[in-house]
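Numbering (my numbering), first residue to last: 449 to 889. All C-beta atoms, glycine included, are put in the ideal place defined by N, C-alpha and C. None of the values given here were measured: they were computed from a predicted structure.
Here's what the structure looks like:
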């Protein structure tokens, strides 16, 4: 149902963007471009076959709506509307929304959805206010109306990790502006943590305010793994960009020390599915592109506005390796033991996703005569719903665009579908076969 809902949602967006008045000047952008841009916005990816300047105000508002609804979740939006309209949810609707937002207890969905709506609108509203003041007073926009519109658009795109900008150079013009760079990066990092993490943090803070208690409430294992893995990747990404791009004349080379650090930070954290750029991605060195591809493949937190395999899946793989090196039979973390089935699911997600990206890379190389690096980068960006590109998206043929459309959709709903299907198929067997070990290594 989640996949079907996304397909229907994308179809509606395609029809609206295909209309003549969705294009600047009334010229139809064509069905292929309309479908690609609708998919990119609905899956909060950010890859584009046409610049945003080709769209009218109506077209931009359609894309903005696709980003907001696609990031918040089709089923979650439907559940929120049902709550407002009838103050209740059906069992099937609750189960679908539970899958999408990563809720553990189906009975608490009503509270969760309301909390998610408040968090989303709160973060987007705060960022929009900051950007409005900066865009207007900084002279980036001509007047308060233009500044307000741009601020709202980029705040929604930032929190939802969409990476779609109204500007042709993405955020390159703001590369040396710490207010814009740090506020936008803060918003997409928060959006990438995932709704379960945000709701848990919100509940802890609400409990502290309401009770006045200073007692330490234990963090869930999911919260701990997500925050630690996120923190590690937020350090690794910028360091890699700074090391490999420090003297690159096409990226960080011409900047002074402070601006290098600022741009290196932003370009190192944006691959975690945000997709904005303050540097020329096409001018980056190959080691940087390789690491960014890996970061895009990993993505951000589960039940977030991101794609990829998710940081918790990546962390579990690391824990498996660490346990094997130390000779432990159990996978332990933070004084808790991870279930064997969870470990197998994590391995399955990684292998399926990796195979998907490899197949996409090979297809793009064969059909559009791309070299390995740009083809791999494009495939990882689409699957991770990131939106970064070395500049080849618009040059691909119709079949190449069709491949990326499928990959973007798979990256957004694929892991959700896998986990849900496995949960439904979970059943105990009444027998086990004898054990025998093949030779490995």
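Limits of the unbroken alpha helix (DSSP H) element including residue i
{"i": "residue 766", "result": "759–774"}
{"i": "residue 517", "result": "505–520"}
{"i": "residue 792", "result": "788–816"}
{"i": "residue 654", "result": "643–659"}
{"i": "residue 895", "result": "Shown here, the chain extends from 449 to 889; a query on residue 895 therefore has no answer."}
{"i": "residue 721", "result": "Premise fails: residue 721 is in no alpha helix (DSSP H) and is neither H nor E."}
{"i": "residue 882", "result": "Taken as a continuous stretch (DSSP letters only), residue 882 belongs to no alpha helix (DSSP H), as it is neither H nor E."}
{"i": "residue 677", "result": "669–693"}
DSSP state of residue i mapped onto helix, strand, coil
{"i": "residue 847", "result": "helix"}
{"i": "residue 457", "result": "helix"}
{"i": "residue 471", "result": "strand"}
{"i": "residue 502", "result": "helix"}
{"i": "residue 735", "result": "helix"}
{"i": "residue 600", "result": "helix"}
{"i": "residue 481", "result": "helix"}
{"i": "residue 487", "result": "helix"}
{"i": "residue 748", "result": "coil"}
{"i": "residue 820", "result": "helix"}
{"i": "residue 620", "result": "helix"}
{"i": "residue 492", "result": "coil"}
{"i": "residue 559", "result": "helix"}
{"i": "residue 829", "result": "helix"}
{"i": "residue 581", "result": "helix"}
{"i": "residue 702", "result": "coil"}
{"i": "residue 497", "result": "coil"}
{"i": "residue 590", "result": "coil"}
{"i": "residue 553", "result": "With a pLDDT of 49 at residue 553, under the threshold of 50, the modelled position of that residue is not reliable, and the figure given next carries that caveat. Three-state result, residue 553: coil."}
Between the CA atoms of residue j and residue i - distance to the nearest angstrom
{"i": "residue 599", "j": "residue 577", "result": "7 Å"}
{"i": "residue 837", "j": "residue 844", "result": "12 Å"}
{"i": "residue 589", "j": "residue 782", "result": "49 Å"}
{"i": "residue 495", "j": "residue 654", "result": "38 Å"}
{"i": "residue 887", "j": "residue 776", "result": "20 Å"}
{"i": "residue 479", "j": "residue 471", "result": "12 Å"}
{"i": "residue 652", "j": "residue 809", "result": "44 Å"}
{"i": "residue 719", "j": "residue 726", "result": "12 Å"}
{"i": "residue 689", "j": "residue 879", "result": "52 Å"}
{"i": "residue 734", "j": "residue 712", "result": "16 Å"}
{"i": "residue 482", "j": "residue 500", "result": "12 Å"}
{"i": "residue 572", "j": "residue 604", "result": "6 Å"}
{"i": "residue 740", "j": "residue 659", "result": "44 Å"}
{"i": "residue 791", "j": "residue 619", "result": "39 Å"}
Beta carbon proximity, residue i to chain B, threshold 8 Å
{"i": "residue 775", "result": "This model lacks chain B altogether, as it is built from one protein chain only."}
Per DSSP, the bridge partner or partners of residue i
{"i": "residue 781", "result": "784"}
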